[in-house]
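Have a look at the structure below, then the notes.
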Amino acid sequence: FFYPVVPKGTARIRTQMSAALSPDDIDRAVDAFGRVGRALGVIS
């Protein structure tokens, strides 16, 4: 998402979860977001 949904100069990633996902699926997704976020410097 981008302005006007979020403030100018910021962005947001939207995800959709499903009851069909296993805990391992969710763990993999969270790990992937963490790795990419750290690589891009948007999370520490």
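If you're matching positions, the sequence shown starts at 824 in the numbering used here and goes up one per residue.
Positions of the beta carbon are idealized from the N, C-alpha and C atoms, including for glycine.
Source: prediction; values computed, not measured.
Report the three-state DSSP secondary structure of residue i (helix, strand or coil).
{"i": "A862", "result": "helix"}
{"i": "P827", "result": "coil"}
{"i": "I836", "result": "coil"}
{"i": "A852", "result": "helix"}
What is the rounded straight-line gap between the Cα of residue i and the Cα of residue j?
{"i": "V831", "j": "F825", "result": "This sequence places Lys at residue 831; Val is not what is there. About 7 angstroms."}
{"i": "R835", "j": "V828", "result": "9 angstroms"}
{"i": "T833", "j": "S841", "result": "27 angstroms"}
{"i": "Q839", "j": "G864", "result": "24 angstroms"}
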